[in-house]
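The UniProt record's numbering puts the first residue of the sequence shown at 70, with every later residue one more than the last.
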Amino acid sequence: PEKIRLVHQKRKVMLTAHRGASGVAPENTLAAIQKALDSPADFIEIDIHQTQDSQLVVMHDATLDRTTTGQGAIAAHTLADIKKLDAGSWFKPEFKNEQVPTLEEVLRLVKGRKKLLIELKKGRDFYPGMANQVIALLRQYRAREWCVLQSFHDEILQQIWQNEYHVPTHKLMVGKLPLLPVYFDTSLRFGSFDKYYRASAINVHYYFASRRFVKMVHNAGFKTFVWTVDDPAEINKLVNRGVDGIMSNAAATLAVE
Ligand code: G3P
Ligand code: CA
Numbered sequence: 070p071e072k073i074r075l076v077h078q079k080r081k082v083m084l085t086a087h088r089g090a091s092g093v094a095p096e097n098t099l100a101a102i103q104k105a106l107d108s109p110a111d112f113i114e115i116d117i118h119q120t121q122d123s124q125l126v127v128m129h130d131a132t133l134d135r136t137t138t139g140q141g142a143i144a145a146h147t148l149a150d151i152k153k154l155d156a157g158s159w160f161k162p163e164f165k166n167e168q169v170p171t172l173e174e175v176l177r178l179v180k181g182r183k184k185l186l187i188e189l190k191k192g193r194d195f196y197p198g199m200a201n202q203v204i205a206l207l208r209q210y211r212a213r214e215w216c217v218l219q220s221f222h223d224e225i226l227q228q229i230w231q232n233e234y235h236v237p238t239h240k241l242m243v244g245k246l247p248l249l250p251v252y253f254d255t256s257l258r259f260g261s262f263d264k265y266y267r268a269s270a271i272n273v274h275y276y277f278a279s280r281r282f283v284k285m286v287h288n289a290g291f292k293t294f295v296w297t298v299d300d301p302a303e304i305n306k307l308v309n310r311g312v313d314g315i316m317s318n319a320a321a322t323l324a325v326e
């Protein structure tokens, strides 16, 4: 297979293990994060939600159904209940002992050995106090040097910016419309990122990362990390366009030049 190049015009492009090394282990579990730590990735991306008893857990979906043996909303379950679930078998039987990790467990495992890109999700509603909880944990674990916070939701970014000036933030911009096979976001059409001046990057689906887009975000003073790209030829194309980060499910198996 083609090797990927992660240097462009003398700058290193940040390979980011999306949901941990989610191509070889169940996404957002400690197994996937350990494999990402052993991979060439610079960053590890995870998603977080809040339980009924206000604990922060690492999962992509707002509901338990797809990646655990449980059912229903994370927000309707306590951490103790969620910890009883199997978060690995859906991926491969050998991962049947994997649990849903807490954000704290991930901070303790990563310990600054790689950068952590934490995506703050919402459930049906926003989770009360979530941004402040994350900030408090990063302070407690002295993790502000090696963590970045990102969200699709301006409300969440605002809450971070009100409270924390040190941790970098990334604005996620593009969502998938349910019935269309393309990614779309109205804000992109206007190309104005002014209200995100506190963010250091505008992260889009790679479909939107044209040369023109990359130039536009760079001229506006932002970096851009694009998701989710596993094909080496596609990754090299995006690197040549000047993107700053590549989020990939294949971080543990890509051959890096
Ligand atoms: O970090 C970008 C990407 O993870 C956003 O989409 O659905 O995988 O969280 P999603
Ligand atoms: Ca994510």
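Just so it is clear, CB atoms sit at the ideal spot from N, CA and C, and this is done for glycine as well. None of these values were measured; they are calculated from a predicted model.
Expressed to the nearest angstrom, what Euclidean distance is found between the alpha-carbon atoms of residue i and residue j?
i       : j       : result
Thr-85  : Lys-153 : 29 Å
Val-217 : Lys-184 : 8 Å
Phe-259 : Gln-168 : Caution is warranted here: a pLDDT of 49 is assigned to Phe-259, below 50, making its placement in the model unreliable, and the coordinate value is therefore given only provisionally. Phe-259 and Gln-168: Cα-Cα distance of roughly 42 Å.
Trp-215 : Gly-181 : 6 Å
Thr-137 : Asp-130 : 10 Å
Ala-278 : Glu-163 : 37 Å
Gly-198 : Ser-108 : 34 Å
Ile-204 : Leu-186 : 13 Å
Pro-237 : Ser-269 : 6 Å
Ala-289 : Val-283 : 10 Å
Val-286 : Arg-280 : 10 Å
His-274 : Asp-155 : 30 Å
Lys-292 : Phe-262 : 12 Å
Tyr-196 : Ala-110 : 30 Å
Val-194 : Arg-208 : According to the sequence provided, residue 194 is Asp. The question's Val does not apply to it. Roughly 26 Å separates the two Cα atoms.
His-87  : Gln-202 : 23 Å
Hey, out of the options, whose CA is closest to residue i's CA?
i          : options                               : result
Asp-299    : Gly-311, Ala-321, Lys-284 and Gln-228 : Ala-321
Trp-296    : Asn-288, Asp-313, Arg-281 and Met-285 : Asp-313
Leu-226    : Leu-178, Ala-200 and Tyr-210          : Ala-200
Lys-79     : Val-308, Ala-324 and Met-316          : Val-308
Lys-81     : Tyr-196, Ile-315 and Ala-319          : Ile-315
Met-83     : Phe-294, Asn-305, Ala-324 and Glu-303 : Phe-294
Asn-97     : Ile-113, Asp-107, Tyr-276 and Pro-109 : Ile-113
Val-76     : Ala-319, Tyr-265 and Lys-306          : Lys-306
Pro-170    : Gln-202, Glu-188, Ile-151 and Ile-187 : Ile-151
Gln-124    : Glu-173, Pro-162 and Arg-88           : Glu-173
Thr-147    : Val-126, Asn-166 and Phe-160          : Val-126
Gly-89     : Val-175, Asp-134 and Arg-135          : Val-175
Gln-219    : Arg-208, Arg-211, Tyr-210 and Lys-191 : Lys-191
residue 51 : Arg-310, Arg-177, Lys-292 and Lys-161 : As displayed, the chain neither begins before 70 nor continues past 326, which places residue 51 out of reach and without an answer.
Asp-134    : Val-179, His-87 and Phe-160           : Phe-160
Val-179    : Arg-193, Phe-262 and Ile-115          : Ile-115
Tyr-276    : Asp-111, Phe-291 and Arg-310          : Arg-310
Got a sec? Which residues, its chain only, sit under 6 Å from residue i by beta carbon, not counting five neighbours each side?
i       : result
Phe-221 : Leu-241
Ala-94  : Ala-100, Ala-101 and Lys-104
Ser-158 : Lys-165
Glu-233 : Ile-204
Arg-267 : Trp-230
Gln-228 : Ala-200
Pro-247 : Bear in mind that a pLDDT of 46 at Pro-247, under 50, signals an unreliable position, so the model cannot answer this.
Take residue i and list the residues in its own chain whose beta-carbon comes closer than 7 Å to its own, dropping the five residues that flank it on each side.
i       : result
Glu-326 : Lys-72, Ile-73 and Arg-74
Pro-70  : Pro-301 and Ala-324
Met-128 : Asn-97, Asp-116, His-118, Thr-136, Ile-143 and Val-169
Pull up the CB-CB distance for residue i and residue j, whole angstroms please, since I reckon it's below 8 Å.
i       : j       : result
Ala-149 : Gln-121 : With a Cβ gap of about 10 Å, Ala-149 and Gln-121 do not count as contacting.
His-239 : Arg-213 : Going by Cβ atoms, the distance from His-239 to Arg-213 rounds to 15 Å, so no, they are not a contact pair.
Glu-188 : Ile-117 : 7 Å
Asn-318 : Gly-92  : 4 Å
Excluding the five sequence neighbours on either side, which residues of its own chain have a C-beta within less than 8 Å of the C-beta of residue i, listed in chain order?
i       : result
Thr-132 : Gln-140, Gly-141, Ala-142 and Ile-143
Lys-264 : Asp-223
Tyr-210 : Glu-173, Leu-176 and Arg-177
Pro-250 : Legend: pLDDT at Pro-250 = 47, less than 50; position of this residue unreliable, no value from coordinates given.
Leu-106 : Ile-113, Leu-178, Val-179, Arg-182 and Lys-183
Of all the CB atoms in chain B, is at least one closer than 9 Å to the CB of residue i?
i       : result
Ala-145 : Absent here is chain B; the protein component of the structure consists of one chain.
Would you say the beta carbon of residue i comes nearer than 8 Å to a heavy atom of ligand 3?
i       : result
Asn-272 : As far as ligands go, the structure on display features ligand 1 and ligand 2 and does not contain ligand 3.
Can you tell me which residues fall inside 6 Å of ligand 2, judged by beta-carbon distance to its nearest heavy atom, and keep chain order?
Glu-114, Asp-116 and Glu-188
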